[in-house]
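In the numbering used here, the protein residues as written are 1 to 492. One structure is given below, encoded as structure tokens.
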Ligand SMILES: Nc1ncnc2c1ncn2[C@@H]1O[C@H](COP(=O)(O)OP(=O)(O)OP(=O)(O)O)[C@@H](O)[C@H]1O
Ligand SMILES: [Mg+2]
């Protein structure tokens, strides 16, 4: 068959590659991936505004590249995406360095040092477009003030992107204002703190303009009120997928700052769902993948999914490392896990129960409240057969049993009518307490004190906050009332 070699034309290819859908956050993350792959222990990212003519510089102390390696690295499609990658390696397509950089600006300069020897390459898209040739410079452009001396030690790499037309409107009529430049940087920082949180928790330091990145853990691990479900394993194409479900505590147990922080980049409601990690790097977050809608009642569920880089094909990982597709094989499994934990979240949101943190696998109904009907109508009562409750009651003496039953009765008394009146849980900004609630708080504290249960003011405030009818009352408000009204007469 007749054939003819047909080289792609440089200008249109480059232009198309600039538009594969990175945003500044995913682009910078893709460049940081490279530093992590190069075993860097420190990555410094500097953003310079320069009245719209600034630069982004990523400097790492990783392995660096020799001349041949850098030449390959700067080639579009430097590695076969099908080839096997090392364990933990974040790269896949042999594209990120170029595509991520070009989505931000028109010039990419890389200086790399390996075993003390320096190599330099620079793509200038204006030059490529003008000549319509893949022309790669081998020296630092004269108008750039960087030098290989900036690399301390024998190994390391500087990736510098300037002519930031996409990132800050360089050379266009719409140069971004300093405020929006710096707020973009803040968002990039938050994004990196999220997608690299596992890696940041280990032994790498990443900083932006001198500020150290702090890991943002979506599962609030370390918070004793957070519930970590049983780890489960699913299989896709005979490869492990690890599922770790988490249910966060009720939002009212946080103070304002903690609440805001736990809401992450997009807020509580949008952060529910699956979090997919590839080699400990988050590639998708807060997504139910069409299995469920996002609703307020389920906003406490965040489910971690881990897969390894030998499953990229099954997960249809994209070049930007910011989206995946759930393999058909595990869809059903994820659906039933999601369903179970969404139910738990709904329970906590409705009844403000705490998820059980006991190591034992909980069996039986997890509903803490049940509907009870008799001739007088339908009411909510506490599920006395809840496995955690029966466990507690089994281990305690008669007197304490009596106290617990007293307490449960109190809860039942306060809850059904309140709950039935509350169509859905609406988060109110105002946290005022009405006269009835004030009385209940005082009465409750007195009962506790008389029954000899040793609880301090914080514990009492917290337990009251878990009662029905106090959905929108802050713990701090309850504590204030207790301090003012009961502290003198009751011994906490
Ligand atoms: N900071 C760096 N330090 C050392 N080597 C690097 C660095 N950045 C890139 N490289 C080398 O350049 C190669 C090409 O990088 P590029 O990001 O384009 O592709 P990749 O990381 O292999 O795959 P992906 O497209 O999935 O990111 C890398 O495989 C790596 O060998
Ligand atoms: Mg890469």
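Note that the Cβ used here is the ideal one computed from N, Cα and C, for glycine as well.
Minimum length 4: unbroken alpha helix (DSSP H) runs contained in the segment 89-153: 96-102, 125-131
4-residue-minimum alpha helix (DSSP H) runs that sit fully inside the segment 190-271, ordered along the chain: 197-200, 256-262
DSSP beta-bridge partners of residue 157: As a first step, residue 157 is located in the chain shown; it is residue number 157 there, counting from the start. DSSP, once it has assigned bridges, lists 60, 112 as partnering residue 157.
Can you check whether the CB of residue 303 is closer than 8 Å to the CB of residue 337? Here residue 337 is taken as the residue at index 337 of the chain shown, counted from 1. Here residue 303 is taken as the residue at index 303 of the chain shown, counted from 1. The answer is yes: Cβ separation under 8 Å.
So which of 58, 91, 461, 72 has the shortest CA-CA distance to residue 438? Start at 1 with the first residue of the chain shown, and residue 438 comes out as number 438. When only C-alpha atoms are compared, the closest one is 461.
Report the partner residues of residue 47 according to the DSSP bridge assignment. Taking the chain shown and counting its residues from 1, one reaches residue 47 at position 47. Residue 47 is bridged to 56.
Closest residue to residue 287 among 441, 323, 234 (Cα-Cα distance): Position 287 of the chain shown, counting from 1, holds the residue named residue 287. Per the Cα distances, 323.
Return helix, strand or coil for residue 19, following the three-state DSSP convention. As a first step, residue 19 is located in the chain shown; it is residue number 19 there, counting from the start. Coil at residue 19, not helix or strand.
Quick check on residue 170: does DSSP put it in helix, strand or coil? To locate residue 170, count along the chain shown from 1; it is residue 170. Residue state, collapsed to three classes: coil.
Is residue 78 close to ligand 1? I mean its beta-carbon at under 7 Å from any heavy atom of the ligand. The residue you call residue 78 lines up with position 78 of the chain shown. Residue 78 has its Cβ nearer than 7 Å to a heavy atom of ligand 1.
By Cβ distance below 8 Å, which residues in the same chain neighbour residue 189 in space, the five residues on each side in sequence not counted? Numbered from 1 along the chain shown, position 189 holds the residue referred to as residue 189. Cβ neighbours of residue 189 beyond the five flanking positions: 208, 211, 213.
Check whether the Cβ of residue 97 lies closer than 7 Å to any heavy atom of ligand 2, and answer yes or no. On the chain shown, residue 97 is found 97 positions in, with the first residue counted as 1. Yes, the beta carbon of residue 97 sits closer than 7 Å to at least one heavy atom of ligand 2.
Where the alpha helix (DSSP H) containing residue 312 begins and where it ends: Taking the first residue of the chain shown as position 1, residue 312 is located at position 312. Note, residue 312: alpha helix (DSSP H), 312-315.
Measure the Cβ-Cβ separation of residue 38 and residue 132 and say whether it is below 8 Å. Against the chain shown, residue 38 aligns to sequence position 38. Against the chain shown, residue 132 aligns to sequence position 132. Contact flag unset, no.
Per DSSP, what kind of secondary structure is residue 381 in: helix, strand or coil? Taking the chain shown and counting its residues from 1, the one referred to as residue 381 is at position 381. Residue 381: strand per DSSP, three-state reduction.
In whole angstroms, what is the alpha-carbon distance linking residue 76 and residue 330? The count along the chain shown starts at 1 and reaches residue 76 at position 76. The count along the chain shown starts at 1 and reaches residue 330 at position 330. Spanning the alpha carbons of residue 76 and residue 330 requires a straight line of approximately 34 Å.
By DSSP, does residue 333 sit in helix, in strand, or in coil? Sequence index remark: in the chain shown, residue 333 carries index 333 (1-based). Correct three-state label for residue 333: helix.
Presumed contact (8 Å Cβ cut-off) between residue 206 and residue 280, rounded CB distance: Indexing the chain shown from 1 puts residue 206 at position 206. Indexing the chain shown from 1 puts residue 280 at position 280. Not really, about 14 Å apart at Cβ, beyond 8 Å.
Let's test the definition: count the other Cβ atoms within 10 Å of the Cβ of residue 299 and tell me whether it reaches 16, buried, or not, exposed. To locate residue 299, count along the chain shown from 1; it is residue 299. With 16 or more other Cβ atoms within 10 Å, it is buried.
Just to confirm, are residue 96 and residue 156 a CB contact at a threshold of 8 Å? Along the chain shown, read from residue 1 onward, the residue named residue 96 stands at position 96. Along the chain shown, read from residue 1 onward, the residue named residue 156 stands at position 156. Not a contact, by the Cβ cut-off of 8 Å.
Cβ-based burial, residue 64 [other Cβ within 10 Å; buried from 16]: Taking the first residue of the chain shown as position 1, residue 64 is located at position 64. Under this definition residue 64 is a buried residue.
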